[in-house]
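Protein chains in written order, with the numbering used here: chain A, 1 to 335; chain B, 1001 to 1352; chain C, 2001 to 2388.
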Amino acid sequence: MPEIYDSPQSGPGTRASNAALAANRGESPTSPKAPAAGPGPADTVRDEQVRSLWGDAWRDLRRNPYFVISSLLVVLLLFIAVFPSWFTSADPRDTDLTNHFLTKPELGSFFTADWFGYDNQGRSIYARVIYGTRASIQVGVGVTVLVTIFGGLMGMLAGYFGGWLDALLSRVTDVFFGIPFLLGALVVLNAFTDRTVSVVIGALAFLGWTQIARVMRAAVITTKQADYVVAAKALGAGTGRILAKHILPNAMAPVIVVATIALGGYISAEATLSYLGMGLAEPTISWGIDISTASKVVRNNPHALFFPAGMLTLTVFAFIMLGDAVRDALDPKLR
Amino acid sequence: MTTIDKTASAPSRRIEDDGDTPLLDVRDLHVEFKTRDSLVKAVNGVSYSVRAGETLAVLGESGSGKSVTAQAIMGILDMPPGRIPHGEIRFRGKDMLAMPNDERRKLRGRKIAMIFQDALSSLNPVLSVGYQLGEMFRVHEGLSRKAAKAKSIDLMDRVRIPAARERVNDYPHQFSGGMRQRIMIAMAMALEPDLIIADEPTTALDVTVQAQVMELLAELQAEYNMGLILITHDLGVVADVADKIAVMYAGRIVETAPVHELYKRPAHPYTRGLLDSIPRLDQKGQELYAIKGLPPNLTQIPPGCAFNPRCPKADDICRTEVPLLLSVTERDGTDLPGRGSACHFWKETIHG
Amino acid sequence: MADPAKKDEAAGRKDVPQDAVPNLTKVEVAEATTIAEVETVLDAPVERGEPILQVRNLVKHFPLTQGILFRRQIGAVKAVDGLSFDLYQGETLGIVGESGCGKSTVAKLLMTLETATAGEVFYKGQDITKLSGRALKAVRRNIQMVFQDPYTSLNPRMTVGDIIGEPFEIHPEVAPKGDRRRKVRDLLDVVGLNPEYINRYPHQFSGGQRQRIGIARGLALNPEIIICDEPVSALDVSVQAQVINLMEKLQDEFNLSYIFIAHDLSIVRHISDRVGVMYLGKMAEIGTDTEIYDHPTHPYTQALLSAVPVPDPAAREGRERIILVGDVPSPANPPSGCRFRTRCWKAEDKCAKEVPLLAIPQRFVGANTPAAHESACHFAEEKDVVHA
């Protein structure tokens, strides 16, 4: 039905363009003095003014239950990561071998140290799950920020300037893309003895930027051919202005989508590395480390494994669901 | 309803009247689309008919519902979101909307075929042209691969594609725009249908190629005595090939007339405005007449006559009462065959 | 080796296609070297009817390459292949042609959005193909463009106010900061849009309204030349007339010179004072609108005109139509000699060997007839196809 959908009046902008139509009817093209803004048109103009594409996307998002659920989860996780002491008074490093060694969870006693039981060193699993959030969120957000900046920059330069720069950067991207992500991370991290959160972030970002770079490059190549970019050049706009005002805002959508979904992946990558003993190390609290230790006692004490693993799954799930919802709103064609 | 459907009796150079039943008879067709927050009324009571050998041009701007009507006839509307709440589409007297699905599918391609504007996206890029042409014969007539290929070479010859035998294994992208449109025509012609619906068949082509394609289409139509529904926005193309015209605006037919009559004496202000607003090749005019305002939003069609906000003749009655498509007569009351106008002031417009 | 001068000339001509147009006005080349001098040249006023833009032997070849890392050239698409014409102050020069004839490339070359392979574009005597940096930016202030597709020519993430105001941000000297908002509102009013719409986004407008926004952006810097690349072909018939009328009104109001590129011959006739017909990167015929439409002498122009459907059914029986065979050849491999010969009914051996020059045909030279205008055909002959 091209006839219906190519008319700008349908779709999200319906009401606003209606107002535009109504207000425009008084206009005669031969005498293009616009009608004096009477009370009617002027009111509608003020009501409907701001209807940017971002605004439309946000309106779509708020109606999407998956977005509501996942964003509430993500906000909760961020709070836990920043203020773990709000959620538990227990110390996650407090070992109490005498009383609590591998005690089963007391699911009725909410938010106490006993809630999820104790691990093989007598530490409150609930407290460890809460405090472990920080490392995971730090790694996820940190890697995502780094790869978005670096990969985005690489992709933008390659896509916009093309030619030999594109050939060079694309080959570099291909080389990095060829390295298996986890294997590469294991090798890189092996070179470090003191594997802190920032080391893990650095290692994952070092290997992970290619995905964003590819997405950004493709988006920039599509965008730079648009007539509005040509129009800006014809006005004499410099490269910086074109990139910042025209290319970036229009090429961002797919990057945001990919970055949000990838964030979940970085969190699980960190957990995997920590489980293998190549990621974070004690005394940092990480779900991956706890899963690793718990796996040794899983036969008799599955609870020690269940809670950190469950929390990890929930977190990854929340970010991937959020990414899907954002994709539906920003870029329906990608679906 | 006092709407008329006199279009069928329009005189034409090529018509062979084969009785009272027209080939295709669309009656009071309505189509609407449900979008997220509104109901788009794309077609609001369209009636027209085509006889064998006759060319009906459906003229309208984007959003007039001309293509949606054609898609409803072909049965290729996306449903949902599309819906046909009311109306009949009679092919040789049988209502296609009431037919079971498989019976309808048999008509499609075999009896009614369609030509689209964009030949490149209508052809499958990974299959050779010969294969796609042959598909019609393999599926509908059960021919063997080899026989189907021979038939496709035949078809390509018939639409005058040079070196058909050598090019039958080429892919769509290896043909030029005009040649691709010929292949589309060949595909539509493959099973010698009774009716062809051509939706803006030459809009994407250059004028010199456009002339070739229109000529080919007219020739084939005469040869097989097919009915042709030509959907277009181009008043020039219409004047060249149509026998009768239905002008659409906001999902309704606002005027019907035999082709010569319409250009000489339009009976609807919209038609008159369109004719006045196109520049002419053979004369240099002064300022162009411009219809003011914009085509209506289909979710909020103005009450009364949909054209009233843009009409120079609009009066109070136009804002309240929907004008029916009434037959148009001479000043002295003699009937003008095939003419109808949906305007409260048609008398003033045609005789004014 | 008797005449070294002649040989030199021949050698110089070998790769650069020449387009001899004997009666073009002579270019008074401005001798500006410093930026300040260039700016003075560009700001100088041009009398009505004097040439403001002069195109000489303009060539644009797009290389065809193979290989990914190590590219090698295997040929070139000759999009524009030796084009010369003048644009006079205050006039509208229409350029018509079929798709692939290079007319859009001409627009990009005149806007210096593409670099010319050879040839010059003189704006007020200043060759703008050689300019860069500040001087080029100054040229851009004076030559603006209106695009074909009103849906892709406006940045969907910017408000109408930002779109029309962008020229002022790029050229801050044109309007002081506090004044810009008011200027944008004025421009909206000039193109017939409600100034209250300043904060809306492009998707809230219809095609015709968007094209008005595009025109307002083009007008913002108060240019002298506007290059219109198919400005109404994406619009509905009833809206086309509105935009055409608006453009004519603006031309009078702001004393603009237009280059109007289109494939719709009727619209070009309506708006143009002079018309050039392009075929495969070359100008086939150029003259006033009456000369081209009522007295065409090039077979291609005649075929093109006769193919246009006339909105008058009474004309269809009597009218003679020239229906060309085949399609436009690929500009990567154009025919030798006259490029139109492969589709021409008059073609003879001479057409395959000699490139016809764009000049007044010998038989019409000195004759006081409208057929005496430049036509690149060996066998130019007047034939009225429109009224036939």
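The C-beta atom is built at its ideal place from N, Cα and C for all residues, glycine as well.
- If you draw a straight line from the Cα of A/I289 to the Cα of A/E270, it comes to about 10 angstroms.
- In this structure the segment 67-80 of chain A lies against the segment 310-328 of chain A, because at least three pairs of beta carbons, one per stretch, are closer than 8 angstroms.
- B/L1230 is bridged by DSSP to B/A1057 and B/A1198.
- Legend: CB atoms of the segment 2148-2159 of chain C lying less than 7 angstroms from CB atoms of chain A belong to residues D2149, T2152, S2153, L2154, N2155, P2156 and R2157.
- Look at the segment 2163-2174 of chain C: the residues with a C-beta under 7 angstroms from a C-beta of chain A are E2166, P2167, I2170 and H2171.
- Taking a cut-off of 8 angstroms on C-beta distances, the segment 2302-2319 of chain C does not touch the segment 2348-2357 of chain C, as fewer than three cross pairs fall below it.
- Contact check between the segment 278-292 of chain A and the segment 230-249 of chain A: fewer than three CB pairs, one atom from each, fall below 8 angstroms, which does not count as touching.
- When the alpha-carbon of C/R2321 is set against those of C/R2269, C/P2329 and C/V2308, the nearest one is in C/V2308.
- Along the segment 1281-1297 of chain B, the positions whose C-beta sits under 7 angstroms from a C-beta of chain C are L1281, D1282, K1284, G1285, E1287, L1288, Y1289, A1290, I1291, L1294 and P1295, read in chain order.
- In the DSSP assignment, B/C1318 falls within the alpha helix (DSSP H) that extends over D1316 to T1320.
- DSSP places C/R2182 within a helical segment (H, G or I) once states are collapsed to three.
- Distance from the Cα of A/V230 is smallest, within the candidate group C/F2147, C/G2100 and C/T2034, for C/F2147.
- Using a CB distance cut-off of 8 angstroms, C/Q2066 does not count as an interface residue toward chain A.
- DSSP places B/I1153 within a helical segment (H, G or I) once states are collapsed to three.
- When the five nearest sequence neighbours on each side are left out, the beta carbons in the same chain lying within less than 8 angstroms of the beta carbon of A/T148 are those of I212, V255 and A259, in order along the chain.
- C/L2305 is outside the set of residues whose beta carbon lies under 8 angstroms from a beta carbon in chain A.
- Considering only B/I1084, B/F1175, B/M1096 and B/L1097, the residue with the shortest C-alpha distance to B/S1128 is B/F1175.
- Contact check for A/Y228 against C/N2155 passes: the beta carbons are separated by less than 8 angstroms.
- In terms of Cα proximity to C/Y2279, the closest of C/P2331, C/L2256, C/A2234 and C/K2249 is C/P2331.
- At a cut-off of 8 angstroms between C-beta atoms, C/R2140 counts as an interface residue with respect to chain A.
- Shown here is that no member of the segment 2068-2096 of chain C has a Cβ falling below 8 angstroms from a Cβ of chain B.
- Look at the beta carbons and you see the segment 109-123 of chain A not touching the segment 175-195 of chain A: under three pairs across the two are nearer than 8 angstroms.
- Across the structure, C/G2214 and A/V197 are spaced so that their CA atoms are roughly 51 angstroms apart.
- The Cβ of B/L1235 sits closer than 8 angstroms to at least one Cβ of chain C.
- Interface annotation for the segment 2323-2349 of chain C against chain B: I2323, L2324 and D2327, criterion Cβ-Cβ distance under 7 angstroms.
- The beta carbon of C/S2375 does not come within 8 angstroms of any beta carbon belonging to chain B, so the residue lies off that interface.
- Taking 9 angstroms as the Cβ-Cβ cut-off, the segment 228-242 of chain A approaches chain C at Y228, V229, V230, A231, A232, K233, A234, L235, G236, A237, G238 and R241, given in chain order.
- When DSSP reads this structure, C/D2252 sits in no beta bridge, so it has no partner.
- In the structure shown, B/G1082 adopts extended strand secondary structure according to DSSP, grouped into three states.
- Nearest CB-CB separation between C/Q2126 and chain A: not below the 8 angstroms threshold.
- Residues of the same chain with a CB within less than 8 angstroms of the CB of C/I2163, apart from the 5 flanking positions on each side, are L2154, N2155, P2202, I2213 and R2217 in chain order.
- In the displayed model, C/L2093 falls within a strand according to three-state DSSP.
- Note on the segment 113-193 of chain A: there is no whole beta strand (DSSP E) run with a minimum of 3 residues.
- Not one beta carbon of chain C lies nearer than 8 angstroms to the beta carbon of A/A135.
- Among the residues facing chain B, C/Q2242 is included, as its CB has a counterpart in that chain under 8 angstroms away.
- In this model, C/D2327 and C/R2341 are separated by some 12 angstroms (Cα to Cα).
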